[in-house]
Structures are given as structure tokens and as C-alpha cells.
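Q: Protein chains in written order, with the numbering used here: chain A, 1 to 221; chain B, 1 to 903. Note that beta-carbon positions come from the ideal geometry of N, C-alpha and C, so glycine has one too. Attaching a single structure in C-alpha cells format; questions to follow.
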Amino acid sequence: MIKLRNIEKCYKTKAGFTYVLRQITLDIAEGEFVTIMGPSGAGKSTLLGILGMYDHSWEGEFQFLDYPVHRLNAKERAVLNKRFVGFVFQQFHLLDDLTVAENLDIPLSYRNIPKSERQALVADALDRFSIVAKKDLYPSQLSGGQQQLVAVARALIASPKLILADEPTGNLHTDQGREIMELFKKLNREGTTIVQVTHNEAWAAYGQRIIRLKDGWMEKT
Amino acid sequence: MNLLRRLQLRLRATVRKGQFDREMDEEMRAHVEMQAQANLEAGMGPEEARRAALRQFGWVESIKETCREQRGIVWLEHLAQDVRYAGRLLRKNPGFTAVVALTLALGIGASTAVFSVLDTVLFHPVPGPEPHRLVEIGERSHGNKDEPRFGGLTTPAVEVLKTKSEVFSDVVWYSSLWMERTTADFIDGFGGDAVSANFFALWNIKPLLGRTFGRDEAVRLNERGEPERDCVMVLSYALWQSRFGGDRGVLGRTFEASGRHFTVIGVMPPHFQFPAGAYPTFWVPAETPPPGDVELANNSVFARLRPGVTLAQAQAMLDMVARQLLQEFPAIYDNSWRRRGGGFALMTRPLANTFTQTPYGAKDLQQTLWGLLAAIGFVLLIVCVNVGNLMLARTEKRQHELAIRAAVGAGRGRLLRQLLTESLLLAGLGAAGGLAVTFSGMKILVSLIPQSMPRLRPIQVDGHALAATLIMALGAAVLFGLVPAWHASRASVSGALKQAGMGMTLSAGWRRYRGALVVAEVALSLLLLAGAGLMIESVIRMLNTNPGFDPEKLLFVHPGLLRGEKYYGSYEAANARAAALFEELHDRFAALPGVKAVGISKFEFFRLGYTLDGQDKPIGLLPAGTGVGQSDLFRAMRIPLLAGRYFEKTDIGDKVGTVIVNQTMSRLCWPGESALNKRFRAAGGRVYEVVGIVGDAAEVRGRFDDKVEPTFYRPYQENAHSGGFGPYLVIRTQGDPRGLIPAIRDTMKAVERSMTAPWFEVVRQTLYERTQAQRTYMLYLVIFAGVGLSLSALGIYGVLAYSVARRTREIGIRMALGAQRRQVMAMVMTEGGRLAAIGVAAGLVLALWMTRLLRSQLYEVSPTDPAVFAAVALLLFAVALLACLLPAIRATRVDPMSTLRSE
Numbered sequence: 001m002i003k004l005r006n007i008e009k010c011y012k013t014k015a016g017f018t019y020v021l022r023q024i025t026l027d028i029a030e031g032e033f034v035t036i037m038g039p040s041g042a043g044k045s046t047l048l049g050i051l052g053m054y055d056h057s058w059e060g061e062f063q064f065l066d067y068p069v070h071r072l073n074a075k076e077r078a079v080l081n082k083r084f085v086g087f088v089f090q091q092f093h094l095l096d097d098l099t100v101a102e103n104l105d106i107p108l109s110y111r112n113i114p115k116s117e118r119q120a121l122v123a124d125a126l127d128r129f130s131i132v133a134k135k136d137l138y139p140s141q142l143s144g145g146q147q148q149l150v151a152v153a154r155a156l157i158a159s160p161k162l163i164l165a166d167e168p169t170g171n172l173h174t175d176q177g178r179e180i181m182e183l184f185k186k187l188n189r190e191g192t193t194i195v196q197v198t199h200n201e202a203w204a205a206y207g208q209r210i211i212r213l214k215d216g217w218m219e220k221t
Numbered sequence: 001m002n003l004l005r006r007l008q009l010r011l012r013a014t015v016r017k018g019q020f021d022r023e024m025d026e027e028m029r030a031h032v033e034m035q036a037q038a039n040l041e042a043g044m045g046p047e048e049a050r051r052a053a054l055r056q057f058g059w060v061e062s063i064k065e066t067c068r069e070q071r072g073i074v075w076l077e078h079l080a081q082d083v084r085y086a087g088r089l090l091r092k093n094p095g096f097t098a099v100v101a102l103t104l105a106l107g108i109g110a111s112t113a114v115f116s117v118l119d120t121v122l123f124h125p126v127p128g129p130e131p132h133r134l135v136e137i138g139e140r141s142h143g144n145k146d147e148p149r150f151g152g153l154t155t156p157a158v159e160v161l162k163t164k165s166e167v168f169s170d171v172v173w174y175s176s177l178w179m180e181r182t183t184a185d186f187i188d189g190f191g192g193d194a195v196s197a198n199f200f201a202l203w204n205i206k207p208l209l210g211r212t213f214g215r216d217e218a219v220r221l222n223e224r225g226e227p228e229r230d231c232v233m234v235l236s237y238a239l240w241q242s243r244f245g246g247d248r249g250v251l252g253r254t255f256e257a258s259g260r261h262f263t264v265i266g267v268m269p270p271h272f273q274f275p276a277g278a279y280p281t282f283w284v285p286a287e288t289p290p291p292g293d294v295e296l297a298n299n300s301v302f303a304r305l306r307p308g309v310t311l312a313q314a315q316a317m318l319d320m321v322a323r324q325l326l327q328e329f330p331a332i333y334d335n336s337w338r339r340r341g342g343g344f345a346l347m348t349r350p351l352a353n354t355f356t357q358t359p360y361g362a363k364d365l366q367q368t369l370w371g372l373l374a375a376i377g378f379v380l381l382i383v384c385v386n387v388g389n390l391m392l393a394r395t396e397k398r399q400h401e402l403a404i405r406a407a408v409g410a411g412r413g414r415l416l417r418q419l420l421t422e423s424l425l426l427a428g429l430g431a432a433g434g435l436a437v438t439f440s441g442m443k444i445l446v447s448l449i450p451q452s453m454p455r456l457r458p459i460q461v462d463g464h465a466l467a468a469t470l471i472m473a474l475g476a477a478v479l480f481g482l483v484p485a486w487h488a489s490r491a492s493v494s495g496a497l498k499q500a501g502m503g504m505t506l507s508a509g510w511r512r513y514r515g516a517l518v519v520a521e522v523a524l525s526l527l528l529l530a531g532a533g534l535m536i537e538s539v540i541r542m543l544n545t546n547p548g549f550d551p552e553k554l555l556f557v558h559p560g561l562l563r564g565e566k567y568y569g570s571y572e573a574a575n576a577r578a579a580a581l582f583e584e585l586h587d588r589f590a591a592l593p594g595v596k597a598v599g600i601s602k603f604e605f606f607r608l609g610y611t612l613d614g615q616d617k618p619i620g621l622l623p624a625g626t627g628v629g630q631s632d633l634f635r636a637m638r639i640p641l642l643a644g645r646y647f648e649k650t651d652i653g654d655k656v657g658t659v660i661v662n663q664t665m666s667r668l669c670w671p672g673e674s675a676l677n678k679r680f681r682a683a684g685g686r687v688y689e690v691v692g693i694v695g696d697a698a699e700v701r702g703r704f705d706d707k708v709e710p711t712f713y714r715p716y717q718e719n720a721h722s723g724g725f726g727p728y729l730v731i732r733t734q735g736d737p738r739g740l741i742p743a744i745r746d747t748m749k750a751v752e753r754s755m756t757a758p759w760f761e762v763v764r765q766t767l768y769e770r771t772q773a774q775r776t777y778m779l780y781l782v783i784f785a786g787v788g789l790s791l792s793a794l795g796i797y798g799v800l801a802y803s804v805a806r807r808t809r810e811i812g813i814r815m816a817l818g819a820q821r822r823q824v825m826a827m828v829m830t831e832g833g834r835l836a837a838i839g840v841a842a843g844l845v846l847a848l849w850m851t852r853l854l855r856s857q858l859y860e861v862s863p864t865d866p867a868v869f870a871a872v873a874l875l876l877f878a879v880a881l882l883a884c885l886l887p888a889i890r891a892t893r894v895d896p897m898s899t900l901r902s903e
């Protein structure tokens, strides 16, 4: 599904170039559950941002499904992202002025899905994640775990092929984190490819494979 | 496919979208199944075959999305969604919404109102097609001034002009007409005009009721200027309201006045206030101007130039007519006083100049309106800057939201459309409020227009002004709402999310930009404050100016017009009767309870020429009259006697030449020496000698800044009934002068019924009212300055509040490292104080340059008065610091532990 070849990213500073990622080469098959780990500053979130096609200033080759992402422009990458990727953020990043239902509706609205169909999908998502009772509440009225649950639901509602999760349990209690990880495991069993970033070895164990980064380099296993 | 066809298909797809969606679903499914079957036949497993088919065919949902985008009017659904969301956001932020909407409403409404009034009163006062072809024609008159004034025309001149049809397609004239009706009370007198029968045709204005004159309805006027027989009459709106109660049944009604019967045939609309202004008046049609005294230029004339004829050509023709009249009527046009005025000449000017150059308050109104327009312009600038700042701040705060929306699939266009919808909705609220402010503001401004000012057009909202101010203000709202959004849409989503998650934004540059906007606001506010402060100082000085007499508890009583010499048979008889009447009135008023003193006063309208002893060249002096002894004007008004003596009874009589002069005349005629016993001579040879010098007394009905005329007084009796203003009685009361008015009226009725109703002036009130234009202008400047000040304070508060929110982490770290609360407060106050200080400094420079434009409105105040400037600078700085206080206090309440923990 994903093929990276010699991906590199750097920032130009007064002292020269600072590399965030160096010669990252990896393959991720469809249906895999991969964990990316490493110390702070290793480049984990940066790599996730590149995989999610949010970050455009990098070099190397990136093949996503059959698309040569490295040859696409920002607009084309945004279309790919919209079609195939769901992203779960550490800080949830829900829209504070929208209710839970409206937060779930927004990605569908941006895909020009008709209202009746959107309503059906939102109802389905609310039911699937057992948050029907919370549909009219605002994010500020939810606990951290509930917010992350909504964020995961939002990431999944457009049926992406790939879920990218950047420290999805970083702001949660252990129990809440476990709930989220169990959910990811279930989704993976149903066929969704998941790539997560985490510091936690216990959460990393939910995946099938761990990729370790250090100082921007991929550690050989 | 052409545009119309595409639109038609999209409309159909929108209306029948359910059917189209079902057909699309079936087609998509069929394609995928066909591909899967092909993959199966190629040897793949069922699951693999289906996945490969989906991959090969492309993701179904995204294809559907593309199809939906191509058909239908999806943007309508998005618009509805954006409008709903925008409405919710505005409701959730009522403070922001109210401030922006009110700010816009004030800027749009006030600007449009002022400009609409200006347009009617100054820029385009003449209605109808080709207003530039309408001209006024008059005789050059020097009157009291050195520069020529535009006077009326004599009757022979009017008759000649009516024959000049090669230059004028229409010539109309009017002459004032006074009518009287006997009543149980005083004689009911009311003024109007005798006009040419074609008078109303020139203005292109339809009557409100009935009709105007036909040519055959004109009547001849007698020697006194009154109609020789019964005739028709058109009423002004004000007269119709005041005398006929606005009765729509007035048409055809006949009433008697001055021995004639007048039938009402029409009523003019309320905005037809020409030539008398808003006073009640009437018009009767006459064949020719009054035959009376042919020397007097009492007729006003207007004309329409023929197409192709220029003003210069018309003037050349008038010069020729003037030469013709001089030749034919030398006794009239080459008389002594015309020669003194520079000789007889005719002039013409565009009719529009009549509205802006008449002396009766027009100058004050013009200056007030221009000044208001300038002030409004600055308020509008402050409004735009403030709205821009608020919109910038709000959109900056939403960088996080915009990044999330981009992360979940919103394209740049979608984000911009959403923000544009919000900006337009907010701007629409402001525009609606602006319309309300416009109409209210115009009502208030119309009340500023002096009653005496002529008008031909109704005052309405000027569409161009409204459109211009709407575009300016709404443009500010939209521009400042969209610019940060466009900037955000170009930034990296991941970078934006990361910074937003850390409580930062991408707006270091915008922060400086907002600071610059605040500085601009403060500078403009200081300019307005300086103007307001100067006007306040000026008005205070005006109101406290010593008028040269004691104005407290002082009442002027003006008896109505009395019968003249034509009634009594001779000038002497009329004079004697008037003098006796005033003496009797004096004695009766003096006997009324509550009266402390009664004086008698009279003034000429213009200076006349007198020659001082030992000089050849005449000098202009103003003759005036005073009572003698108990009816002495100076004692009643408490005008100080500086030297010499008051008049005694032996000073009365036209064989006596003793005069009392005022200080201005004394200094003018005999600078550096005493005026006592000095002499001067009238043109007719009468010799005058100064026996007393009194202090200068301001003319109560003049402008506040009128200079005192060089005046000499004689006993009023020698000119009691004709010429000039008065005589009138001056009464010093013990209590409120208004309380005596009924008793005074009754006394006058008992003494002489053959006068029109008297009118009264409470002097303190009159002195106050003559500063109305300046006080009104001051009031508006104070209001505008207050608005500017509030908006500036809001701007500073907004910038600082945002800065504190953005620097919460930094403040937490500083406090964790040992910073005290007062140090944190000082840090925030310094940031705000710096902005305020720069703004105040810039504002002072601006004000020093711009306030000189106020010079003509100021009274005994310099446009750069240092005390005023210092005061407003301090005030603005203090208010700015106050605006900094709340954010500074909030900053001191940051809990370093919880701030750092959240990192």
C-alpha cells in the first residue's frame, strides 16, 4: 500500500541544514498495523505528516497504492488524502463550535455527499461508537476519552483505507487509552491499515510491527 | 454546451437529485462487479478480485463525489450550511457581533446622513433638468460692506428684462407683500410675495394640493403693492399647517385680508421653501411688479438661459441693459446713493449661489456641514480600522479551526467561501443598522437647517453616498476577514495544527499589523478629540463673552408694524404719534409689578456716511436711538457711561445735535484722544457734537463674532416710526421675564390695537441661541470623538487581550522563574502603553496640521491651543491605559503550574 524510498526532510537554519528525516525507506502492506516509535525529535510525527500528505516539503519517492505521490502537486495530494486517509491527532482537534454530530458530518460535507446520505452515515457512526447520546453535545462537554472517540469516529466516517494516528492516547488515562487501542485493533481486523505513533510499549504491542526512528534515521531491525 | 444549457441541467439535477443518486449508485456497482468478474476470470480469488476491482476502478465514494460536484448546484447546499454556521457563530459571540455591527452601522449611517443633507443644501440645491441654466439677476449694491452685494431690481429694470427673450426663455420676479386682517386680538399680519404668473413654472415642482397660477389670473398691484382686486392665492406648506390646520378642504376656500378676498387654489409641498425659507408664506399672481417707489430695487428676479446662451453672454446683455436704463432714467439710476455705491450695474449668477451665499445663517450651516463631513470621514476611517482589527483578531483565533477543516478535507476555496459568508452576514447586519442610523441622523441634521434658509429639494438619502460608504465599510469587513484566511489556506496544514495545538498561531506578522491599526485608530481619535476640545473651549468662551451689558432678566418687546405716514398723512404726524405711543407704553410698562426699568432703543440697518471735523473723506457710522431720562436705554441695559453725560429732555429735537457715542466710534474717529465735545457732520449738513461716551454693546441678534459697529445715539423721538430696526422696548425685570409677557400684551392692546401682534425676546435666551450652530457642531464633534475614543480603547483592549492569551505560556514560565505579579502587569501595560504613546504622538502631529481647518469656527481660541492639546492627549492616554488594565490583571492571574502542566 505504501512504499517509501529515501525519504528525507530538512530545515534550513543559520547553521546550515537540520535533517528531520534521513533516507527513510519502508513498505507498509495493506491491512497492516504498524507502530512508529522513537525518542522525542526522532521525526515520528513528521513521518506521519508525510504519510498523510499534509506535509509537502520532503524529498524521495512515495508510492501510495498506485499513485506516485512524489510526482503529484499539493492539490492532487489533498484529493488523495481526502479519498483514502483518516487522521487521528493527539490533541483531538475537534471543532469547538460544532456538536458531536456536526463534527462527524463535516468531512462528509467536504466530500459533497448529499444531506440524507450524510445523516445516515453520521447516525451509523454514532451508533457504532456508542455515542448516540452525546450527538448534540459540544466537545467542551466531553471527557478526553470521549473526545478522542469522536475524533476516531470522524477519521473513519468517510471509510478511509488508511488510518494515521499520532499519539492517539497521549492525552488520555490508561483505561481510555486501552479502549482506543482495542478499537484500532478491531478496525485493523476488519481490514483497515493503521499506522500509529506512540511512546508507549504497551500500545505498540497492539501493532504487528514496530518501526523505530532515531535522530531521523530508521533503525535497522 | 452553452451556459444556459448547463445551468438548466444543473437545476434539474438538483431538483431530482434522489433519482440521479440512485442511478449513479447502480452504475458504479455494475462497473465494479464487471471488473471483479474479469479479475475472477483472470484467476484471482473472490476477495482479491473485488479489492483489485475497487482499486482499479478507483474509490467509489470519491468518484461519486466528483460526479455530484459536476452536476447540480452543490454550492447552494454549501451556502446554506455556511449561512447556518455563520449565524450560529455570530450568536455565540454576541459581544463581537454587536460591536462590529454597531460600528459599521454608525460609520455607514452617519456618513450617508451628512452627505445626503450636504448634497441637497450645498451641492445640488436646484432641482429639475439643467439646473445650471437657472440664474438670478440683480443690481450691484454696496450697502454696508466694501465688496459689492447682490441686490434686487427696480420695476423698470424688470420690465426691460422681460423683453430679452433672445437670452432668457423665462423671466420670473417676486416682491414681498404684507397682508393684514382685523381680529379681536391684535391685527393679524402675515407676509408673502406677489409673483409673476409664471413663477412656479420655473422650478419644476408640482403642488401638494391643487394647482398653481394661470396666466390670466394675474392682477395689477396698487401703489402700496397690494392687489387691486380679489384674486387667487397659493399657500406654503407651513402657512397651510399653521393657519388652516393642514385641512385638505382648503382648496376653493376664500378669506379676507387687506380689504381683498383671496381664493386658495393650491398648496406647495413641504420642501418648497423658496424664497422665504421655512416660514409661513403665500404667493399671489401679479401682472407687473409694484409701481410704488421706482427707485427702490425691491424685486427679486430669476431667469432660465436659452439653450446655447452662456452666463458670460447673459452678463454682456445685462451690461447693455444697464447702459440703456442709465440713459433713459438718469434720475433713478444715476442718483447720489447709487453713485456712492460705485454706480449702477446689473449682475447675474447661477441660482445655486443663492442658496449658499445668502447671509441668513447659510455661512454657519455650510461651515457646520463641511466640518461634520470631515469629522464623519475620520470616524469612518476609525470604523474601518476598528472593524478590520476585530475581524483580523477573530480570524487569527480561528487558525486552529481552519487547519482542522483543511485536515478533514476542506479545500482553500471552501474555506474562503465560508469566511466570506460570515463576513458578509456580519457586514449585512451592519448595513441594515446603517440604514436606520441614516434616517435618524438625517432627521437630526435637518433640524440644524436655519428656518430662513431657502430650499427647493426634499432632503432624501443620497443613493451614491450610501453605496460608497457601504462599499467602503463592508469592504473593510470582508477584506480583513478574508486576508488571514487566504494566508492560512496557503500554509502547511501540519505546521498549522502543530502551532495551533501549542497555543501559537502563524500570526507574528499579523500581530504587528494589528498593532499598526491600533496606532492609526488612536491617532485619528486624538484628532477628533482635539477638534472637540477646541470647540468646547470656543463655545465656553462664546457663552461667557461679556456682551457689554447685563443680559440677565432682560426682555425686548417689539411692537408690531404700525400705521405709517400714508395712514397719518405726513411723516411728522406719523413720527409724533409713534413717539407718543412709545412714551405711553414706557410709562405703563414701568408701572407693572415686577418691572425694574424700561428703556427704548432703535438701530439703523446700515452705516451711513458722516464727515469728521477737519476731514474731507466721509466715514461710515451707525445711527441709533435711545429713550431719554426714565426711558434711557443705557440705564435699562446697564451699558456703562464711560465719560460725559446721559441725554436730557433738552436734547430732544431735530434742531439739536448732541450725541452719545460708543467706545468703538470713539477709538475709530478720535484715536488716542477723548471724543467729548468732538464734532462731525451728516451729508445733509446737520452737525453733531459728542456729549457722552458709553461702553460697546453687542448686537443681540447678530452673529456671535460680529464686531461692534461704530455707533452714535440720538433721542429716538426724531425718527420714531420709520427706517431701521425698532423702536422697541427694553425691560429689566425682577423675576423671570417670561412671567410678564401676558401683562405686557394686555397693556399694549389697551393702548393701541392697530398693530400686529408683538413679539418678545428674552435676551439671555437670544444670546444663547445665536451660538446654536457652534454648539451643535461642538456636540457632534464631542459625540464623534467619544465614539472614536471608545473604538480606540476597544482596539487596544482587543490587541492586548489577544497578546496575553498568546503569551500565557511565556507568562507562566516567567512567573515560574520568579517574576512578580507587578512585573507581569508592567510588561502588559508597557506593551499597550507603547501602542498608545505612538498613536498619541502621531495624533498630535496630525491634529497640529488639521485643526487649522477649524479656525473659522473657533472663537478666541487658537487651533493649536496647547492647553487643549495637552488635555486631550492626557485623556486619550489615560483611557488607553485603562483599556490595558483588564488584560494586564488577567495576565497576573495566570497560574504557572497549570499552564506548564498543559504543555
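When the cut-off is 8 Å and only beta carbons count, does B:MET897 lie next to chain A?
A: For the purposes of this step, residue 897 of chain B is identified with residue 897 of the second sequence, where counting begins at 1. Chain A contact via Cβ: absent.
Q: Could one say the Cβ of B:VAL894 lies closer than 8 Å to chain A's Cβ atoms, at least one of them?
A: Numbered from 1 along the second sequence, position 894 holds the residue referred to as residue 894 of chain B. No - not a single Cβ of chain A is within 8 Å of the one on B:VAL894.
Q: Please report the distance separating the alpha-carbon of B:GLU256 from that of B:VAL232.
A: Translated into the one-based positions of the second sequence, residue 256 of chain B becomes position 256. Translated into the one-based positions of the second sequence, residue 232 of chain B becomes position 232. Approximately 12 Å between the Cα atoms of the pair.
Q: If you reduce the DSSP assignment to three classes, tell me which class B:ASP216 lands in.
A: Locating residue 216 of chain B in the second sequence gives position 216, counting from the first residue. B:ASP216: helix per DSSP, three-state reduction.
Q: Between B:LEU781 and B:ALA883, what straight-line distance do the alpha-carbon atoms span, to the nearest angstrom?
A: For the purposes of this step, residue 781 of chain B is taken as residue 781 along the second sequence, with counting starting at 1. For the purposes of this step, residue 883 of chain B is taken as residue 883 along the second sequence, with counting starting at 1. Going by the C-alpha atoms only, they are around 22 Å apart.
Q: Quick check on this structure: which residue in B:ARG88, B:VAL522, B:ALA286 has the alpha carbon closest to the alpha carbon of B:ALA793?
A: The residue given as residue 793 of chain B occupies position 793 in the second sequence. Checked all of B:ARG88, B:VAL522, B:ALA286; the closest Cα to B:ALA793 is B:VAL522.
Q: Going by other Cβ atoms of all chains shown within 10 Å of its Cβ, with 16 needed for buried, is B:GLY923 buried or exposed?
A: Shown here, chain B extends from 1 to 903; a query on residue 923 of chain B therefore has no answer.
Q: Does the ligand FMN have even one heavy atom less than 7 Å from the beta-carbon of B:ALA257?
A: The model depicted lacks the ligand FMN and carries no ligand whatsoever.
Q: Three-state secondary structure (DSSP) at B:SER596?
A: Translated into the one-based positions of the second sequence, residue 596 of chain B becomes position 596. Before going further, note that residue 596 of chain B is Lys rather than Ser in the sequence given. Three-state result, B:LYS596: strand.
Q: My guess is that B:VAL868 and B:GLY533 are in contact by the Cβ rule of under 8 Å, so how many angstroms apart are they, rounded?
A: Counted from its first residue, the second sequence places residue 868 of chain B at position 868. Counted from its first residue, the second sequence places residue 533 of chain B at position 533. Indeed they touch by this definition, with Cβ atoms about 4 Å apart.
Q: Beta-carbon of A:TYR110 versus every beta-carbon of chain B: anything under 8 Å?
A: Looking up residue 110 of chain A in the first sequence gives position 110. Yes, contact with chain B.
Q: Give me the chain B residues within the contact set of A:LEU187, using Cβ-Cβ distance strictly less than 8 Å, ordered along the chain.
A: The sequence position of residue 187 of chain A within the first sequence is 187, counting from 1. Near A:LEU187 there are no residues of chain B at all, since even the closest Cβ is about 17 Å away, more than 8 Å.
Q: Verify whether the separation of the beta carbon atoms of B:MET637 and B:LEU554 is less than 8 Å.
A: As a position in the second sequence, residue 637 of chain B is number 637, starting the count at 1. As a position in the second sequence, residue 554 of chain B is number 554, starting the count at 1. For B:MET637 and B:LEU554, yes; Cβs fall inside 8 Å.
Q: Check the C-beta distance from B:VAL519 over to B:LEU835 and give it rounded, since I have them as a contact under 8 Å.
A: Within the second sequence, residue 519 of chain B is the residue found at index 519, counting from 1. Within the second sequence, residue 835 of chain B is the residue found at index 835, counting from 1. Indeed, because the Cβ distance is near 6 Å, the residues count as touching under 8 Å.
Q: Less than 8 Å between the beta carbons of B:LEU482 and B:SER423, yes or no?
A: To locate residue 482 of chain B, count along the second sequence from 1; it is residue 482. To locate residue 423 of chain B, count along the second sequence from 1; it is residue 423. Yes, the pair counts as a contact, with Cβ atoms nearer than the cut-off.
Q: If you measure between the beta carbons of B:TYR610 and B:ALA682, is that distance less than 8 Å?
A: Taking the first residue of the second sequence as 1, we reach residue 610 of chain B at position 610. Taking the first residue of the second sequence as 1, we reach residue 682 of chain B at position 682. Taking 8 Å as the Cβ cut-off, B:TYR610 and B:ALA682 qualify as a contacting pair.
Q: Within the same chain, show all residues whose beta-carbon is closer than 8 Å to that of B:LYS162, passing over the 5 residues directly before and after it, in chain order.
A: For the purposes of this step, residue 162 of chain B is taken as the residue at position 162 of the second sequence. Around B:LYS162: VAL171.
Q: Could you pull out every residue in the same chain whose Cβ sits closer than 7 Å to the Cβ of B:THR851, ignoring the five residues on either side in sequence?
A: Translated into the one-based positions of the second sequence, residue 851 of chain B becomes position 851. Excluding positions up to five away in sequence, the list reads ALA530, GLY531, LEU534, PRO863, THR864.
Q: Going by beta carbon distance, what residues of the same chain come within less than 6 Å of B:LEU369, once the five residues before and after it are set aside?
A: Position 369 of the second sequence, counting from 1, holds the residue named residue 369 of chain B. Closer than 6 Å at the Cβ level, and outside the excluded window around B:LEU369, lie LEU118.
Q: Using a 10 Å radius around the Cβ and a threshold of 16 neighbouring Cβ atoms, would you call B:ASP914 buried or exposed?
A: Given a span of 1 to 903 for chain B in the structure shown, any question on residue 914 of chain B remains unanswerable.
Q: Rounded to the nearest angstrom, what separates B:VAL539 and B:MET778 at their Cα positions?
A: Reading the second sequence from its first residue, position 539 is the one you call residue 539 of chain B. Reading the second sequence from its first residue, position 778 is the one you call residue 778 of chain B. Roughly 8 Å separates the two Cα atoms.
Q: Is B:ILE471 buried or exposed, if buried means 16 or more other CB atoms sit within 10 Å of its CB?
A: Numbered from its first residue, the second sequence carries residue 471 of chain B at position 471. Burial call: exposed.
Q: Going by CA-CA distance only, name the one from B:TYR174, B:ALA110, B:VAL879, B:GLY210 that's closest to B:ILE444.
A: Here residue 444 of chain B is taken as the residue at index 444 of the second sequence, counted from 1. Nearest of B:TYR174, B:ALA110, B:VAL879, B:GLY210 to B:ILE444, Cα basis: B:ALA110.
Q: Which residues does DSSP list as the beta-bridge partners of A:ILE194?
A: Along the first sequence, read from residue 1 onward, the residue named residue 194 of chain A stands at position 194. In DSSP, A:ILE194 forms a bridge with A:PHE33, A:ILE163.
Q: Name the chain A residues that come within less than 8 Å of B:ARG807, Cβ to Cβ?
A: The residue labelled residue 807 of chain B in the question sits at position 807 within the second sequence. Here the premise fails: no neighbours, minimum Cβ distance about 20 Å.
Q: Is DSSP giving A:HIS93 helix, strand or coil here?
A: Sequence index remark: in the first sequence, residue 93 of chain A carries index 93 (1-based). Reduced to three states, the DSSP call for A:HIS93 is coil.
Q: Rounded to whole angstroms, what is the Cα-Cα separation between B:GLU552 and B:THR120?
A: Counting from one through the second sequence, the residue named residue 552 of chain B turns up at place 552. Counting from one through the second sequence, the residue named residue 120 of chain B turns up at place 120. Taking the straight line from one Cα to the other gives about 39 Å.
Q: How many angstroms separate the CA atom of A:GLY86 from the CA atom of A:ARG189?
A: Walking along the first sequence from the start, residue 86 of chain A turns up at place 86. Walking along the first sequence from the start, residue 189 of chain A turns up at place 189. Taking the straight line from one Cα to the other gives about 17 Å.
Q: Can the beta-carbon of B:VAL219 be found closer than 8 Å to that of B:GLU130?
A: For this step, residue 219 of chain B is matched to residue 219 along the second sequence. For this step, residue 130 of chain B is matched to residue 130 along the second sequence. Not a contact, by the Cβ cut-off of 8 Å.
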